[in-house]
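Per the working numbering: the sequence shown = residues 3 to 171. C-beta atoms are modelled at their ideal positions from N, C-alpha and C, and glycine is treated no differently. A quick note: this is a predicted structure, and the numbers were derived from the prediction, not measured. Here's the structure, in structure tokens; my notes come after.
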Amino acid sequence: MRDAVTSLIGSYDTKGKYLDRDAIDTLKSYFDTGMARVQAAGVINSDAAAIVKQAGLALFEEVPELIRPGGNAYTTRRYAACLRDMDYYLRYASYALVAGNMNVLDERVLQGLRETYNSLGVPVGPTVRGIQIMKDIVKERITAAGIPDASFVDAPFDHMCRDLAEISI
Ligand SMILES: CCC1=C(C)/C(=C/C2=NC(=C\c3[nH]c(/C=C4\NC(=O)[C@H](C)[C@H]4CC)c(C)c3CCC(=O)O)/C(CCC(=O)O)=C2C)NC1=O
């Protein structure tokens with residue numbers, strides 16, 4: 003698992019270089035946004051259950067076939083599994099936000115996920131949609147909490163969507 007600092011140092015060490023102007027700029031922006039990213043993680047932590055619930059309801063309203071007979075989230079067990087997956091995406095997004103690096107998502111969430119989803123018939127398109135809905139809800143709440151520019155919140159959600167959508171079923 004890497005964060006913005008360890009990954010930067012790692013790549014400069016590989017080249018045997020001191021931290022140059024580009025590196026300093028990258029570090030500066032990481033530390034400048036540090037407080038906002040930590041505050042965002044705080045908002046996600048305290049609102050997590052409500053965020054997942056709200057996103058699930060919105061997703062099932064938008065794609066009602068999912069919870070009808072034959073849908074992948076039909077039955078209580080699968081409905082719960084779907085919301086649990088959404089909760090995983092949210093929790094790991096909050097880690098990636100604090101780390102300022104997407105590596106934790108690759109290692110802990112995305113590795114092997116498409117294969118699992120394919121083998122269980124979990125539809126990727128609606129999952130991606132669910133992650134996007136969750137991103138919008140998180141941004142609204144973070145803005146409401148007084149954090150001025152919530153655009154940094156996009157990165158982890160977009161990263162998961164892009165990776166999942168690469169091969170769709
Ligand atoms: C932390 C990393 C991590 C992830 C990401 C993860 C995902 C994950 N989701 C699963 C299942 C599942 N995932 C879903 C999700 C959905 N179905 C839909 O129709 C919706 C589109 C979507 C919710 C948005 C469902 C319904 C299942 C159960 C499928 C089944 O057992 O038939 C499974 C199979 C095993 C299980 O049921 O627990 C895994 C491994 N597990 C992990 O450890």
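In the DSSP annotation of this structure, proline 66 is not part of any alpha helix (DSSP H), being labelled neither H nor E.
A residue is called buried when at least 16 other Cβ atoms come within 10 angstroms of its Cβ; glycine 123 does not meet this threshold and is exposed. Using a Cβ distance threshold of 8 Å, isoleucine 133 and phenylalanine 154 do not count as a contacting pair. Going by C-alpha positions, tyrosine 81 is about 22 Å away from isoleucine 46. In terms of Cα proximity to threonine 129, the closest of Tyr97, Met162, Thr145 and Ala152 is Met162. Taking a contact to require three or more Cβ pairs closer than 8 Å, the segment 49 to 57 and the segment 97 to 115 do not qualify as touching.
Listed in chain order, the non-local C-beta contacts of aspartate 165 below 6 Å within the same chain comprise Leu112, local neighbours out to five positions each way being set aside.
The set of residues with a C-beta under 5 Å from any non-hydrogen atom of ligand 1 comprises Leu68, Asn74, Ala75, Arg80, Ala83, Cys84, Asp87, Tyr90, Val111, Thr118, Leu122, Val124, Pro128, Thr129 and Gly132, given in chain order.
Per DSSP, valine 7 is one residue of the alpha helix (DSSP H) stretching across 6 to 17. Between the C-alpha atoms of valine 7 and asparagine 105 there is a straight-line separation of about 12 Å. In the DSSP assignment, serine 153 falls outside any alpha helix (DSSP H) and carries neither an H nor an E. Alanine 167 and tyrosine 119 have their C-alpha atoms roughly 12 Å apart.
Annotated three-state conformation of proline 71 is coil, per DSSP. The Cβ atoms of isoleucine 135 and glutamine 41 lie no closer than 8 Å to each other.
Taking the Cα of aspartate 34 as reference, the smallest distance to any Cα among Asp156, Asp151 and Gly72 is reached at Asp151.
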